[in-house]
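*Asks:* Residue numbers (this note's numbering): 338 to 436. Ideal Cβ positions, reconstructed from N, Cα and C, are used throughout, including at glycine.
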């Protein structure tokens, strides 16, 4: 839409002066440019696996937010001089970011 407005502004500037032949050339060039922009502005369809991909990404985000919250808790405990919390199995949590 912005491209069309820009082309219209260009057309208005270039057609204020000049003879009819020049105005026709400018108009035809602008019209071709607008048609090409419309043709090139096509939409891609959503892939078949989009829903599955979004589900996996949402699960990964949820998991990483949990890890972040646990790390924030451990950081707060470390600032107070306390040891990190333990997981449900009784072992200290792995604090490496690769986990």
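Along the chain, where does the alpha helix (DSSP H) containing residue 404 start, and where does it finish?
*Replies:* 387-416
*Asks:* Considering only the alpha carbon of each residue, which of 383, 418, 415 and 343 lies closest to residue 370?
*Replies:* 343
*Asks:* Which of helix, strand or coil does DSSP assign to residue 369?
*Replies:* Reduced to three states, the DSSP call for residue 369 is helix.
*Asks:* Is DSSP giving residue 360 helix, strand or coil here?
*Replies:* helix
*Asks:* Can you give me the C-alpha to C-alpha distance between residue 404 and residue 415, rounded to a whole angstrom?
*Replies:* 16 Å
*Asks:* Which of the three DSSP states is assigned to residue 436 in this structure?
*Replies:* Confidence at residue 436 is low in this model, with a pLDDT of 48, below 50, so the placement of that residue is unreliable and no value is reported for it.
*Asks:* Could you tell me how far apart the beta carbons of residue 401 and residue 411 are, in whole angstroms, since I believe they sit closer than 8 Å?
*Replies:* At roughly 15 Å, the Cβ-Cβ gap does not stay under 8 Å, so residue 401 and residue 411 are not in contact.
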